[in-house]
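Heads up: the structure comes next, in structure tokens.
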Amino acid sequence: MTASPSRLLVGTLLGLTLGALSACATSEATGSFDHSAWDRLLNDTIRDGVVDYAALSKRYSELQGFLDALAKAPFESLPREEKLATGINAYNAQCIAGVLKQGKIKSVRDVWMFFKRTRFVLGGKELSLDNLEHDILRKMGEPRIHFALVCASKSCPKLASKAYTASTLEEDLAARTREFLSDKTRNYLDRERRVLHLSSLFKWFKSDFQANAASVLDFVKPYLPEADRRFLEAEKVKINFLDYDWSLNGTF
């Protein structure tokens with residue numbers, strides 16, 4: 136007997152529902168979180184770190200779906216690498232959502248206390264961007280998060296065009312750190328004057344970088360281009376911290 140269209144529809148919906156529940160159960164059982172929705176959005180709307188806010192605005196329902204999933208995620212019980220990856224993705228996604236909610240702003244500095252007033256739920260707990268960065272992620276002992284967290288500003292690290300995941304977190308954080316330090320608009324070495332110009336991130340979060348290194352210089356050396364690293368090993372240099380450009384890191 137041929138099934139009626141209504142039965143086929145019910146069967147299809149039931150299959151999708153059971154599949155979603157199975158995926159959710161598998162995710163919880165393995166201590167992982169599904170970042171694929173965020174990965175698709177980043178791949179489609181980020182080009183060399185420049186954020187297409189107009190395109191993201193048109194796909195806000197997809198972004199909201201990811202944020203809703205984060206709100207229900209078992210964040211506190213995730214394994215360390217998964218928790219870091221999820222926290223970084225949550226910060227970047229919520230920062231973008233915060234910008235979109237404000238409209239066509241030119242800088243997050245145009246919004247009073249943006250990082251404190253942009254609030255959301257992660258793992259059932261209400262947080263602000265500041266809470267997530269300073270009270271959770273920084274306390275996890277991984278200073279390279281500062282090259283993955285993107286505060287919607289030009290002097291921030293470039294937003295990666297893919298989501299962070301536990302399985303590739305180590306290589307991705309190393310790559311983001313090297314990329315940030317080799318970007319001469321953010322950091323550069325003046326050999327003639329023997330001055331290493333660094334992002335203000337290294338001044339603001341000095342204690343994080345020195346937690347496992349004798350100095351900021353010792354932290355950055357392994358991630359610098361080889362020629363710069365050899366120069367710094369042979370010469371004494373002064374460190375200068377560059378002004379921070381808070382202009383929006385994308386277009387509407």
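Position in the sequence shown counted from 1, then plus 135, gives you my numbering.
For each residue, glycine too, the CB sits at the ideal point set by N, CA and C.
The model shown is predicted, which means the values in this text are computed figures rather than measured ones.
- Secondary structure at S171: helix, using DSSP grouped into helix, strand and coil.
- Counting every other CB atom within 10 Å of its CB across the protein chains shown gives D363 a total of 16 or more, marking it as buried.
- Taking 9 Å as the cut-off, the beta carbon of Y379 is found no closer than this to the beta carbon of L316.
- Nearest C-alpha to A172 among C286, R194, V186: R194.
- Three or more beta-carbon pairs drawn from the region 292-300 and the region 177-189 are found closer than 8 Å, and the two stretches are therefore classed as touching.
- In the structure shown, Y358 falls within a helical segment according to DSSP collapsed to helix, strand and coil.
- Counting along the chain, Y188 sits inside the alpha helix (DSSP H) bounded by residues 188-193.
- Separation of the CB atoms of R321 and S342 is rounded to 20 Å, and the pair is thereby denied contact status at 8 Å.
- When the beta-carbon positions are compared, A287 and N384 come within less than 9 Å of each other.
- Listed as beta-bridge partners of I181 by DSSP are V186.
- Straight-line measurement puts the Cα of A369 at about 43 Å from the Cα of K241.
- With three or more CB-CB distances shorter than 8 Å, the region 189-204 counts as touching the region 230-245.
- In the three-state DSSP reduction, L304 falls in the helix class (H, G or I).
- When rounded, the separation of the alpha-carbon atoms in E216 and G222 is 10 Å.
- Going by beta carbons, A206 and L264 fall outside the 9 Å limit.
- In this structure, the alpha-carbon of L377 lies about 25 Å from that of K251.
- Less than 9 Å separates the beta-carbon of F210 from that of K260.
- By the Cβ-count criterion, H281 is buried, with 16 or more other Cβ atoms from all chains shown falling within 10 Å of its own Cβ.
- Nearest to V243 by alpha-carbon distance, out of V285, V330, F340, R326, is V285.
- Beta-bridge pairing by DSSP links K373 to V330.
- Counting only the Cα atoms, T180 lies some 10 Å from K297.
- Per DSSP, the unbroken beta strand (DSSP E) holding V256 starts and ends at 254-257.
- A283 places its beta carbon 9 Å or farther from that of D318.
- Taking the Cβ atoms as the reference, L202 lies roughly 16 Å from A220, outside the contact range of under 8 Å.
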